[in-house]
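Here's the structure, in C-alpha cells; my notes come after.
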Amino acid sequence: REEREAALNELDAQTRTDTEFAIANVRKFAEAQMATIGSLEIDVLPGVHLGHRVIPIRTVGCYVPGGRYPLLSAPIMTIVPARVAGVDQVIACLPPTAHRAMIAGCHLAGADRIFRIGGAQAIAAMAFGTESVPAVNKIVGPGNAYVNEAKRQVFGTVGIDQLAGPSEIYILADSTGDAHMIATDLLAQAEHDVRTRVGLITTDAALAQAVDDEVERQLKDLVTAETASQAWRDFGEIAVCEDEAAMIAYSDHIAAEHLQIHTADPQRLALQLNSYGSLFIGELASVVYSDKCCGTNHTLPTMAAARYTGGLWVGAYVKVATHQWLEAEGVMAVAPPSVRQSASEGLDGHRRAAQLRLDRLQVK
C-alpha cells in the first residue's frame, strides 16, 4: 500500500489528470457496453422456462507489460472493464523494472493487489497461485512472446483473453488521402516495436508513391526512427488495388488490429468491412486516441485473429450461464421426443431419466 501511495504521489499533476481522464472514458464506454448484456427469461413452450444470467468472473489477473516504452494506458484497458463488469478481485502483475507511473495507473484503475512480477513467471503465479499471489480464474493483457506462450500453456487451467502478437495498422485510402497524415499514422504505430506490421491499401498509385516518399522523409527526424525504420523495412507494405472491392477484400484478408479509413466517404466504406480489431473512420480518428484515452479498448486481436474475434471488452469478464425450469405442461411436451431420441441413440439411462418424470406426472 505504501509503494502504491508513493508511486501515486510521484505523478505530476498533469499526468494524473490525463490518467483519470482516460479512466473515465474507458469506464463510460465499458458501462455502455455492459448495458447491452442483459439477463434473459423466455418461455419457448408453455411450461418450459429458459433463461440466462450474466455472472461476473470472481477473480481476474491483469498482466501489464513493461515493454520498450511505459504505456501508461495499459493497466487502464484491462483493469477498468473488470471493475465495471463486477469482478470480485482484480490483481495486476507488472515487471519489476516497469515505470513507477504504471503502478500508479494500476492503483487508479482499481486493482485490488499489485505484484512486481513480470514475464512467464507472472502468468504462472496468477494461474496456479503462490504463497502471496492468489490464483485467478482468468488472465488478460498482452505481453511478449514468453508471456504469450505461458498464457497458451495455462489456458484450460484458467481462461485467457487472447494471444496477442506485435501491433498492426493498415490504412485504406483513395485518391483523397493525405500522404502526410497517412505516413504519420503509419510511423506512429511502427515506433511501438521492430516487429510492428504497418500497411497502406489504396486504389491510387500516385498516393502510394507519395506515402512511401513521405515515410522516408519523416524517418529522417523521428526520435524513434531506429525502431520505426526497422519495422517499416521488415514489415511495411503498400498495396495498390484495382478498385474499392479489391481493397475491401484484401483488408478483410489481412484482418488488421487497427484499421483506418481515409476515403471520400469513410462511413459508407466502414459498413462494408467485417474483419478488423478496431475501426477508425475518417482521417480525424487517430489510432493514438484509442491507444491512450478516448474510451475504446486498445487490447485488440492481431495476426488475423480479427477474422473470428473482437478485442478485449467488458463482456470478457462475465459468464453468460443458461438455466431452465419446467412445469408439468412443459414436461408433457418435451419428454416424449426426449425418450424417443434417447432410445434411438442407445442411451438407456437418458431414456429412463426422461421417462421417469413423464410416468410420475401421468400417475398423478
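The opening residue of the sequence shown carries number 16 in this note's numbering; numbering runs sequentially from there.
Each residue gets a CB set at the ideal place from its N, CA and C atoms; glycine is no exception.
Note that this is a predicted model, so its numbers are computed, not measured.
*Roughly how many angstroms separate the alpha carbons of residue 220 and residue 257, rounded to a whole number?*
Along the sequence shown, one-based indexing puts residue 220 at 205. Along the sequence shown, one-based indexing puts residue 257 at 242. Those two C-alpha atoms are separated by around 10 Å.
*In the DSSP assignment, what are the bridge partners of residue 6?*
Since the displayed the chain opens at 16 and closes at 379, residue 6 lies outside it and no answer follows.
*Could you give the distance in angstroms between the alpha-carbon of residue 125 and the alpha-carbon of residue 101?*
What you label residue 125 is simply residue 110 of the sequence shown in a count that begins at 1. What you label residue 101 is simply residue 86 of the sequence shown in a count that begins at 1. Taking the straight line joining both Cα atoms gives about 12 Å.
*Using alpha carbons as the reference points, say which of 139, 143, 147, 142 lies closest to residue 129.*
Walking along the sequence shown from the start, residue 129 turns up at place 114. Nearest option by C-alpha distance: 147.
*With a threshold of 16 other CB atoms inside 10 Å of the CB of residue 321, please say whether the residue is buried or exposed.*
Position 306 of the sequence shown, counted from the start, is the residue given in the question as residue 321. Its Cβ being crowded by 16 or more others within 10 Å, residue 321 is buried.
*For residue 307, the three-state DSSP class (helix, strand or coil)*: By 1-based counting over the sequence shown, the position of residue 307 is 292. Residue 307 falls in the helix class under three-state DSSP.
*Could you pull the start and end residues of the beta strand (DSSP E) that residue 55 belongs to?*
Here residue 55 is taken as the residue at index 40 of the sequence shown, counted from 1. Residue 55 -> beta strand (DSSP E) spans 55 to 60.
*asked:* Give me the DSSP bridge partner(s) of residue 30.
replied: Within the sequence shown, residue 30 is the residue found at index 15, counting from 1. The partner list for residue 30 (beta bridge, DSSP) is empty, contrary to what the question assumes.
*Cβ pair count under 8 Å reaching 3, the segment 172 to 182 against the segment 95 to 113*: Output reads no: the segment 95 to 113 does not touch the segment 172 to 182.
*Look at the Cβ atom of residue 213, then the Cβ atom of residue 246, and state whether they are nearer than 8 Å.*
In the sequence shown, counting from the first residue as 1, residue 213 sits at position 198. In the sequence shown, counting from the first residue as 1, residue 246 sits at position 231. Taking 8 Å as the Cβ cut-off, residue 213 and residue 246 qualify as a contacting pair.
*Please name the residue in 376, 339, 38, 333 whose C-alpha comes closest to that of residue 70.*
The residue labelled residue 70 in the question sits at position 55 within the sequence shown. Checked all of 376, 339, 38, 333; the closest Cα to residue 70 is 333.
*Under a three-way DSSP split, which group does residue 337 fall into?*
To locate residue 337, count along the sequence shown from 1; it is residue 322. Residue 337 falls in the strand class under three-state DSSP.
_Distance, residue 95 Cα to residue 50 Cα_ = Locating residue 50 in the sequence shown gives position 35, counting from the first residue. Locating residue 95 in the sequence shown gives position 80, counting from the first residue. Between residue 50 and residue 95, the C-alpha separation is close to 15 Å.
*Would the beta-carbon of residue 108 fall within 8 Å of that of residue 160?*
In the sequence shown, counting from the first residue as 1, residue 108 sits at position 93. In the sequence shown, counting from the first residue as 1, residue 160 sits at position 145. Result no, Cβ atoms of residue 108 and residue 160 do not sit closer than 8 Å.
*Mark residue 293 as exposed unless 16 or more other C-beta atoms lie within 10 angstroms of its C-beta, in which case mark it buried.*
In the sequence shown, counting from the first residue as 1, residue 293 sits at position 278. Buried, because 16 or more other Cβ atoms sit within 10 Å of the Cβ of residue 293.
_Taking the alpha-carbon of residue 93 as reference, which of 318, 306, 363 has the nearest alpha-carbon?_
Reading the sequence shown from its first residue, position 78 is the one you call residue 93. With distances taken between Cα atoms, residue 93 lies closest to 306.
*Is the Cβ-Cβ distance between residue 373 and residue 346 less than 8 Å?*
Numbered from its first residue, the sequence shown carries residue 373 at position 358. Numbered from its first residue, the sequence shown carries residue 346 at position 331. In this structure, residue 346 lies closer than 8 Å to residue 373 by Cβ.
*Which residues bound the alpha helix (DSSP H) around residue 226?*
Numbered from 1 along the sequence shown, position 211 holds the residue referred to as residue 226. Where residue 226 is concerned, the enclosing alpha helix (DSSP H) stretches over 220 to 234.
_I'd like the ranges of any alpha helix (DSSP H) spanning at least 4 consecutive residues and lying wholly in the segment 267 to 334._
281 to 285, 302 to 307
*Roughly how many whole angstroms lie between the Cα atoms of residue 273 and residue 34?*
As a first step, residue 273 is located in the sequence shown; it is residue number 258 there, counting from the start. As a first step, residue 34 is located in the sequence shown; it is residue number 19 there, counting from the start. In a straight line, the C-alpha of residue 273 is about 22 Å away from that of residue 34.
*Tell me residue 215's beta-bridge partners as DSSP assigns them.*
Numbered from its first residue, the sequence shown carries residue 215 at position 200. DSSP, once it has assigned bridges, lists 186, 253 as partnering residue 215.
*Touch check for the segment 112 to 120 and the segment 151 to 166: three-plus C-beta pairs under 8 Å?*
No, the segment 112 to 120 does not touch the segment 151 to 166.
*asked:* Let me confirm a value: residue 90 is counted as buried when at least 16 other C-beta atoms fall within 10 Å, else exposed. Which label applies?
replied: Mapped onto the sequence shown, residue 90 falls at position 75. Residue 90 should be labelled buried.
*asked:* Counting beta carbon pairs with one atom in the segment 351 to 358 and one in the segment 60 to 67, are three or more of them shorter than 8 Å?
replied: no
*Can you give me the Cβ contacts of residue 343 inside the same chain, cut-off strictly under 7 Å, excluding the 5 residues immediately before and after it?*
The residue you call residue 343 lines up with position 328 of the sequence shown. Contacts found: 62, 376.
*Assigned exposure category for residue 249 - 16 Cβ within 10 Å defines buried*: Your numbering for residue 249 matches position 234 in the sequence shown. The residue is exposed, with fewer than 16 neighbouring Cβ atoms inside 10 Å.
*asked:* According to DSSP, simplified to helix, strand and coil, what is residue 66?
replied: Reading the sequence shown from its first residue, position 51 is the one you call residue 66. The answer is strand: DSSP assigns residue 66 an E or B state.
*Assign residue 335 to buried or exposed, taking buried as 16 or more other Cβ atoms, counted over all protein chains shown, within 10 Å of its Cβ.*
To locate residue 335, count along the sequence shown from 1; it is residue 320. Exposed, by the Cβ-count rule.
_Cα-Cα separation, residue 268 to residue 31_ = If you number the sequence shown from 1, residue 268 lands on position 253. If you number the sequence shown from 1, residue 31 lands on position 16. So the two alpha carbons sit approximately 40 Å from each other.
_Looking at residue 106: is its Cβ nearer than 8 Å to the Cβ of residue 19?_
Along the sequence shown, one-based indexing puts residue 106 at 91. Along the sequence shown, one-based indexing puts residue 19 at 4. Taking 8 Å as the Cβ cut-off, residue 106 and residue 19 do not qualify as a contacting pair.
*Would DSSP call residue 71 helix, strand or coil?*
Translated into the one-based positions of the sequence shown, residue 71 becomes position 56. Per DSSP, reduced to three states, the secondary structure at residue 71 is strand.
*Under 7 Å from any heavy atom of the ligand ATP, does the C-beta of residue 289 make it?*
The ligand ATP is not among the ligands present in this structure, which contains no ligands whatsoever.
*Pairwise C-alpha distance: residue 253 and residue 317*: Locating residue 317 in the sequence shown gives position 302, counting from the first residue. Locating residue 253 in the sequence shown gives position 238, counting from the first residue. One C-alpha to the other measures close to 19 Å.
*asked:* Check for me: the alpha helix (DSSP H) holding residue 115 runs from which residue to which?
replied: Your numbering for residue 115 matches position 100 in the sequence shown. 115 to 124 is the extent of the alpha helix (DSSP H) around residue 115.
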